[in-house]
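Under numbering that gives the first Met the number 0, the first residue of the sequence shown is numbered 0, with each subsequent residue one higher.
Cβ coordinates follow ideal geometry from the N, Cα and C atoms, glycine included.
Just so you know, these numbers come straight off a predicted model, no measurement behind them.
Here the structure comes first, spelled out in structure tokens, and everything after it is commentary.
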Amino acid sequence: MKHTYRYDHLTWKEIRDAVGRQPQPVIAIPIGAVEDHGPHMALSTDNDILEGVLAECGRRAQGDLLILPTIPFGLDEHHMDFPGTITVDIQTTLAYLTQVAVSVARHGFTHILIVNGHGSNQSICDLAARDCVIKTGMICAATTVNAAVDPSLVRDVLDAERRGGPGSVGHACEYETAMMLHLHPERVDMPLARRDVGQLKLKYFNWDHPEPSAYAWQDWWSRFSSEGIAGDAAAATPEFGKRMFDVTVERFVELAREFRTIPIRPRRDHH
Ligand SMILES: [Zn+2]
């Protein structure tokens, strides 16, 4: 089946037409991970959430969004103590992602969003977006549609409607499990879902989303998580997943349409 919101389902002539449209579609570059998600969920969880949300965004955006195939692997060295995880190092991930974004820009697309589905890719995505701007002059930014990575898009709903309390949302958590119960319930084994809140909560550092940390730090996961969970997977429900899915899709389409209004102004050399 041909999906007209999929960048790679179009022909080169259709891509050329899309570049010529005013306003142009926003191009989304998803990057996820294959890693442990507790004893109850598939290694594909980050990619599944990313692709599920973006496919619906693409359908609803009616030509305003074109979505690349997901880059399935990212920086995951800190999860390698859990069987099955695939990791690509920082330099390779950054170079690969940047070259994908720059390729899109070289065809004349002016507004590009790197959409991250895995926490540890975030700084790499920020840098790839920066590098794309530096190299091409186009508008390229990094964001996420996974609230366990960064809840900025949906923070109000997440905080109001999660049931697990402090520490419940981190990884393979109440949020990610609920999203999977909505999108792919066959890949979730709920009787094995656990509450596993081993994340540190200090004065200046904590993992719970309402309270920010004063510094960035990532430990080896096997040092603090026995099950590969950080949060309360047992609190997840498909209803919460559907609610988070719907609000994420609605707001991401709005975000993309706002994003493409950012003008490309000429630079001026003041030497
Ligand atoms: Zn995840």
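Using 7 angstroms as the threshold, is the C-beta distance between residue i and residue j below it?
i       : j       : result
Glu-175 : Pro-38  : no
Ala-232 : His-170 : no
Gly-240 : His-181 : yes
Ile-274 : His-106 : The structure shown has nothing for residue 274, since the chain only spans 0 to 270.
Asn-120 : Leu-74  : yes
Asp-45  : His-117 : yes
Val-187 : Val-144 : no
Ala-159 : Thr-236 : no
Asp-47  : His-183 : yes
Does the beta-carbon of residue i have 16 or more other beta-carbons within 10 angstroms, so that it is buried, or is it exposed?
i       : result
Pro-71  : buried
Arg-161 : buried
His-78  : buried
Met-0   : exposed
Pro-190 : exposed
Leu-42  : buried
Thr-260 : exposed
Trp-220 : buried
Leu-199 : exposed
Sorted by chain position, which residues of the same chain lie with C-beta nearer than 8 angstroms to residue i's C-beta, five sequence neighbours on each side aside?
i       : result
Leu-9   : Thr-3, Ala-17 and Leu-65
Arg-250 : Leu-152 and Val-153
Arg-193 : Gly-37, Pro-38, His-39, Glu-226, Ile-228, Ala-232 and Ala-233
Gly-83  : Val-33, Glu-34, Asp-35 and Leu-42
In this structure, how does DSSP classify residue i when only helix, strand and coil are distinguished?
i       : result
Gly-73  : strand
Lys-241 : helix
Asp-207 : coil
Arg-161 : coil
Cys-124 : helix
Tyr-5   : First, the residue type needs correcting, since residue 5 is Arg and not Tyr in the sequence shown. Looking at Arg-5 - three-state DSSP - the assignment turns out to be strand.
Pro-190 : helix
Lys-134 : helix
Lys-200 : strand
Ala-235 : coil
Asp-35  : coil
Quick test of your reading: residue i and residue j, contact by CB under 8 angstroms. State the CB separation rounded to the nearest angstrom.
i       : j       : result
Val-101 : Cys-131 : 5 angstroms
Leu-67  : Ala-27  : 7 angstroms
Arg-20  : Val-252 : Actually they do not touch by this definition, with Cβ atoms about 17 angstroms apart.
Val-168 : Ala-147 : 6 angstroms
Thr-69  : Pro-29  : 4 angstroms
Can you give me the Cβ contacts of residue i inside the same chain, cut-off strictly under 6 angstroms, excluding the 5 residues immediately before and after it?
i       : result
Gly-163 : Glu-173, Asp-231 and Ala-234
Val-196 : Gly-166
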